[in-house]
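Sequential numbering of the sequence shown, starting at 2, is according to my numbering.
Note that the Cβ used here is the ideal one computed from N, Cα and C, for glycine as well.
Here's the structure, in structure tokens; my notes come after.
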Amino acid sequence: MEANTRILGIESSCDETAAAVVVDGREILSSIVASQVDVHRKYGGVVPELASREHLRQIVPVVREALGQANLKFEEVDAIGVTQGPGLVGALLVGITYGKTLAESLGKPLVPVNHLEGHVHAVFLEAHKAGRIPQLPSACLIVSGGHTVLYEVNAEDPPFASAPFRYRKLGQTRDDAAGEAYDKVAKLLGLGYPGGPVLD
């Protein structure tokens with residue numbers, strides 16, 4: 002893609018509906034997140050069917066707000082990026098369907114994004130913002146609600162935020178992710194949901 006490429010990113014892999022506009026994989030023009038914590042709190046964790054329904058309710062206003070914050074119209078976006086997985090099937094389906102529909106109706110390319118790669122690229126966005134170039138190869142530890150994975154990350158020299166990375170999985174948890182373990186412990190202790198902020 003050419004310079005000054007504006008990508009509208011859509012994320013719906015679990016329990017947050019999010020959209021952002023990023024230029025050249027380096028500059029964030031907008032970032033909107035609609036949390037579902039209040040919806041899932043009474044169940045002590047994410048209920049996949051409820052998450053999907055909430056994405057259906059939130060996706061249009063979230064995307065509109067992201068475009069508004071970036072001062073762009075739909076037609077001014079160069080491509081649509083959408084999380085393709087891993088994640089909850091129903092939740093992903095909402096984002097993918099909306100992203101595909103937008104891309105098709107606008108005549109824009111659709112860019113499928115791996116959720117875990119998104120975590121890695123976020124580090125490079127922050128490094129670029131701070132004026133640093135990360136040293137590669139690097140070890141990248143992803144610790145989130147649904148994943149705890151250690152990767153070796155490499156890219157072309159010098160690396161930049163939109164560079165194609167190469168990944169090698171070094172290890173991962175065998176059963177629960179760290180974030181999920183926090184939620185389960187907090188639930189057993191009667192501390193509420195989500196458990197991470199309470200236990201930290």
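Can you give me the C-alpha to C-alpha distance between residue i and residue j, rounded to a whole angstrom?
i, j, result
"Gly-146", "Arg-65", "27 Å"
"Arg-169", "Ile-143", "13 Å"
"Gly-191", "Val-199", "11 Å"
"Thr-102", "Pro-110", "11 Å"
"Leu-107", "Phe-75", "8 Å"
"Ala-4", "Val-124", "21 Å"
"Leu-171", "Pro-138", "13 Å"
"Gly-180", "Gly-100", "28 Å"
"Lys-188", "Gly-91", "25 Å"
"Val-241", "Val-63", "This structure leaves residue 241 out entirely; the chain is present only between 2 and 201."
"Arg-175", "Asp-39", "29 Å"
"Val-47", "Val-23", "28 Å"
With H, G and I counted as helix, E and B as strand and the rest as coil, what does DSSP make of residue i?
i, result
"Gln-59", "helix"
"Val-150", "strand"
"Arg-27", "coil"
"Ala-71", "coil"
"Lys-170", "strand"
"Glu-134", "Residue identity differs from the one stated: residue 134 is Ile in this sequence, not Glu. Looking at Ile-134 - three-state DSSP - the assignment turns out to be coil, as it is neither helix nor strand."
"Ala-123", "helix"
"Thr-6", "coil"
"Ala-178", "coil"
"Ser-14", "coil"
Answer with buried or exposed for residue i, where buried requires no fewer than 16 other C-beta atoms within 10 angstroms of its C-beta.
i, result
"Gln-136", "exposed"
"Gln-173", "exposed"
"Glu-17", "buried"
"Ile-134", "exposed"
"Gly-196", "buried"
"Val-154", "buried"
"Val-186", "exposed"
"Phe-157", "In the sequence as displayed, the identity of residue 157 is Glu instead of Phe. Answer is exposed; the Cβ neighbour count stays below 16."
"Ala-71", "buried"
"Gly-132", "exposed"
"Gly-69", "exposed"
"Val-61", "exposed"
Quick check: residue i and residue j, are their CB atoms within less than 8 Å of each other?
i, j, result
"Ala-19", "Ile-29", "no"
"Leu-73", "Arg-7", "yes"
"Ser-31", "Leu-93", "no"
"Asp-184", "Tyr-194", "yes"
"Leu-57", "Val-95", "yes"
"Ala-21", "Gln-59", "no"
"Leu-9", "Ala-67", "yes"
"Thr-84", "Glu-12", "yes"
"Cys-140", "Leu-151", "For the record, residue 140 in the displayed sequence is Ala; it is not Cys. Their beta carbons are under 8 Å apart, which means Ala-140 touches Leu-151 by this criterion."
"Gly-86", "His-122", "no"
"Arg-27", "His-120", "no"
"Gln-37", "Glu-55", "yes"
"Glu-105", "Phe-166", "no"
"Ala-182", "His-148", "no"
So with Cβ pairs under 8 Å, would you call residue i a contact of chain D?
i, result
"Gly-96", "Judged by its chain identifiers, the structure shown contains no chain D, having just a single protein chain."
- Message: Whether or not the stretch 70-81 and the stretch 41-55 are in contact is what I'm after, with contact meaning three or more pairs of Cβ atoms, one per stretch, closer than 8 Å; do they touch?
- Response: Not touching, per the Cβ criterion.
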